[in-house]
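Okay, structure first, notes after.
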Amino acid sequence: MRARLSIYYSKKSCEIREISLKNKPLQFIELSPKGTVPVLEINGSHLIDESIDIVKWFLSKNDPHQLLLPCQEDNIEELIFLIDKDFKYHLDRYKYSSQHDISKKISHRDEAVKIVECIENKISESGYIFGNKISIYEICILPFIRQFRIADPIWFDKEFQCVKLKAILHEFINTEAFKVTMKKYKEWKSETDSAQYFPEI
Ligand SMILES: N[C@@H](CCC(=O)N[C@@H](CS)C(=O)NCC(=O)O)C(=O)O
428 MRARLSIYYS
438 KKSCEIREIS
448 LKNKPLQFIE
458 LSPKGTVPVL
468 EINGSHLIDE
478 SIDIVKWFLS
488 KNDPHQLLLP
498 CQEDNIEELI
508 FLIDKDFKYH
518 LDRYKYSSQH
528 DISKKISHRD
538 EAVKIVECIE
548 NKISESGYIF
558 GNKISIYEIC
568 ILPFIRQFRI
578 ADPIWFDKEF
588 QCVKLKAILH
598 EFINTEAFKV
608 TMKKYKEWKS
618 ETDSAQYFPE
628 I
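In my numbering, the protein residues as written are 428 to 628.
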């Protein structure tokens, strides 16, 4: 989702191949043996297989909203890796507790909350994580916060105390960027499938 958001905000477009993670096409594994999505192939020669690097690549081509501004002043990787690694670890065990250890569901939620509080504390009076508008932080982090809400929306809306983050999430899910990014694509199965583009042309 963060990769798609960066494409949207960069006003670029690319061919998109939606694959099933339960049935990864051979062409995908051959291209990227690591087997995670998203993967960006550039001109058939250069491959980027980390979402944060795809975000930076698109925004380095065109960044009309100056989403990369925090990169000049912050070590953005620090916060983003905290979300990608530690937060994601607890999120998965909270959201899919029945596939892990259901008795630890709430302790994973508590750990996730501690991490999110670091972000809440970074949100300034302006209501954003950096400066006075959305930046690379929001496009990289909010998709995970949205997943955190989906795990238990009633608890999130009523009990979760990070009010500034909740406000940004609420604003984000009502944006055109979010709606365009959420569009579902037909699963790609072979080279003979007709090409699909993001955003749609
Ligand atoms: N650090 C990677 C993580 C990517 C990742 O784990 N993606 C998940 C889907 S959201 C995946 O591809 N999982 C592999 C699988 O389920 O087989 C990135 O952000 O690019």
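The beta-carbon is built from N, C-alpha and C at its ideal position, and this holds for glycine as well.
- When secondary structure is reduced to three states using DSSP, I475 falls in the strand class.
- Between the alpha carbons of R520 and W582 lies a gap of roughly 16 Å.
- The chain-ordered list of residues whose CB is nearer than 5 Å to some heavy atom of ligand 1 reads L448, T463, V464, E477, S478.
- In the three-state scheme derived from DSSP, where H, G and I count as helix and E and B as strand, L458 is classed as helix.
- The beta carbons of L448 and V466 sit about 12 Å from each other, so the pair does not count as a contact at 8 Å.
- Assignment of E598 by DSSP, reduced to helix, strand and coil, places it in the helix class.
- Inclusion of I446 and E627 in the CB contact set at 9 Å is not warranted, their separation being larger than that value.
- Collapsing the DSSP output to three states places L494 in coil.
- The alpha-carbon separation between E457 and G554 amounts to approximately 44 Å.
- Taking the CA atoms as reference points, L495 sits about 28 Å from H517.
- For F571, the uninterrupted alpha helix (DSSP H) run begins and ends at 563-578, by DSSP.
- Between the segment 541-551 and the segment 584-594 there are three or more C-beta pairs closer than 8 Å, enough to call the two in contact.
- Taking a cut-off of 8 Å on C-beta distances, the segment 559-573 touches the segment 505-513, as three or more cross pairs fall below it.
- Judged by their CB atoms, F485 and S524 are not nearer to each other than the 9 Å cut-off.
- Between T619 and Y435, the C-beta spacing is not below 9 Å.
- H535 and S621 have their alpha carbons spaced roughly 43 Å apart.
- Linking K606 to F599 through their CA atoms gives a straight-line distance of about 9 Å.
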